[in-house]
Structure formats: structure tokens, C-alpha cells
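Numbering (the UniProt record's numbering), first residue to last: 1 to 275. One structure is given here, and the rest of the page talks about it.
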Ligand code: G1P
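Structure follows, in C-alpha cells:
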């Protein structure tokens, strides 16, 4: 069983300035629900009720969101407006939340290493909340947990992207061991299209075995001078211990304005207006 899920949430969200000046990018809403809540719901649905969030300066709204808002809740108690809080109250009841701060932004690998204190020595999920995923049945993390039960090694979610976009992602190569499942032999962080080993890109869902923390401690800075999770995973991949999993579902890149607007429209049409 994987019980915990780590949410690196310390990034600045500069692409959305000025709105992210005083508000965490993870609190940007797809209509009326913040991105991070979708991620927490996906983790809980996969059995990961221990929510571990790596925050930073200016991120207190995340903690407040998963807490009681006493005055507001007293005000709307007994009215139909309470319905709007049903889902967040559900995750608050079922999950435990723990937080630690990343003091300096030194890359995704560094953010994950900062979360070690909340995770300890057990396999765990990772969600990058700006990759928003919709699925027909099981969520992406739940699909990955099913695969973990079979292979017991680190797993990254992947999808095919247009060749010219490889520079935005970690890109993998490997042998397909069963339909949609690749034993990874190569991974490169944000390669130019001509250097990319394939067009299979890593998206923001991972299951990591805890030896990743020791590996991260000795991994040198990579792309952009930052500690990259992709580089640390490559050390595991050299021992055949990383799978790429082409998940069933659709991903929206809510880290970009275009993807965010697309996801907003999708949720408005498919969720909000059907309530
Ligand atoms: C991170 C990872 C990258 C991955 C991407 C998925 O990059 O470093 O390997 O493909 O998330 O969203 P970022 O988007 O944080 O620059």
C-alpha cells in the first residue's frame, strides 16, 4: 500500500503574474475548485490519505484552504451554500495534511528531497498540481498504484507529445514490456527535439521508492543548474527500476495559460454546468 503523496508547491508561477504575486499558483481555480484540491482528491482516491505538501513563502492560502474557515462556515451553516464545501470537507476528514517549507528554489529534485521529512522510508506518490488529469474511471495515481503492486519500483506517468515540445519535459526511452508500460533505459530533462530520445514525455505524476532520497543527496545539479528528479531517476533506471506508464486519460498543462483556459472550459462544460 502507498499511503502518502507529496505535492511540491513552492514554485512561483511566474507565467501567471500578476495573479500569482500574492496567491499560490496551486490555488488557481478551474472554475471554482483550486488545482491542488483536484490533485489531493486524486491522491485520496488512490488510497494516499497522507498529504505532504512542500510549500514556500507566500503559500499560506494552501494551508488555510484545507482547514476550517470558522467565520465563513458559521455564516453559511444550514444554508444551501454549504454544499459547495462538501468536497473539501470530505478530503479534510479523510486526509491528514503535513507541510514543510522549501527555503530556496533549487529544482524539483530539491523540492522532493525537502519532503523527505514528511515521507520517511516508504514508497510515495508525487503530484505536480499544474498537470491536471481527467480520466474515465480510475484516476492516474490509482492506475499507477495498480502497476506498482505488480512491479514494486518507481513509475513515471508519460504521454506522447509533439516532437517540437520535448524541451518542456523530461523525455524517456525504453522497451515496452506490456502495452503502455516501458522499462526506462534513458531519460533526459528538457532536451531539444533533435536530442530527445523519443517523444514520450514525463507528466506530473510519479510513484517513487524511498531510495530516491539518498540518490538525490548525491545527484549533481543538472538542467538550469537545478537538482532534477529526472537525473536521480536515471540512477534507478540504470538498474532497470523505473517504469514509464502511458496512463489512460487526458492531461491539461495548467502551468501554461493556454492549457489552463482549456481545462477551465472543459470543467465548466463537463462538471460545473452539469451540477
Ligand atoms: C517538471 C519535470 C519534468 C516533467 C514536468 C511535467 O518540469 O522536471 O521532467 O516533464 O515537470 O510537468 P517543470 O514543468 O516543473 O519545469
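Note that the Cβ used here is the ideal one computed from N, Cα and C, for glycine as well.
Item to check | Where the beta strand (DSSP E) through residue 207 begins and ends | outcome: 200–208
Next on the checklist: Quick check on residue 193: does DSSP put it in helix, strand or coil?
Outcome noted: helix
Item to check | For residue 213: DSSP bridge partner residues | outcome: DSSP output for residue 213 lists no bridge partner at all.
Item to check | Cβ pair residue 108, residue 125 closer than 8 Å | outcome: no
Checklist entry - DSSP three-state call for residue 135: helix, strand or coil? => result coil
Item to check | Span separating the alpha-carbon of residue 75 from that of residue 13 | outcome: 33 Å
Item to check | Opposing strand residues paired with residue 251 [DSSP bridges] | outcome: 133
Checklist entry - Of all the options 156, 179, 192, which has the alpha carbon lying nearest to the alpha carbon of residue 164? => result 192
Next on the checklist: With H, G and I counted as helix, E and B as strand and the rest as coil, what does DSSP make of residue 52?
Outcome noted: strand
Next on the checklist: Between the alpha carbons of residue 251 and residue 59, how many angstroms are there, rounded?
Outcome noted: 25 Å
Item to check | Environment of residue 240 [buried if 16+ CB atoms lie within 10 Å] | outcome: exposed
Next on the checklist: Given a cut-off of 8 Å on the beta-carbon distance, is the pair residue 155 and residue 243 in contact?
Outcome noted: yes
Checklist entry - When we look at the beta-carbon of residue 121 and count the other beta-carbons within 10 Å, is it buried (16 or more) or exposed? => result exposed
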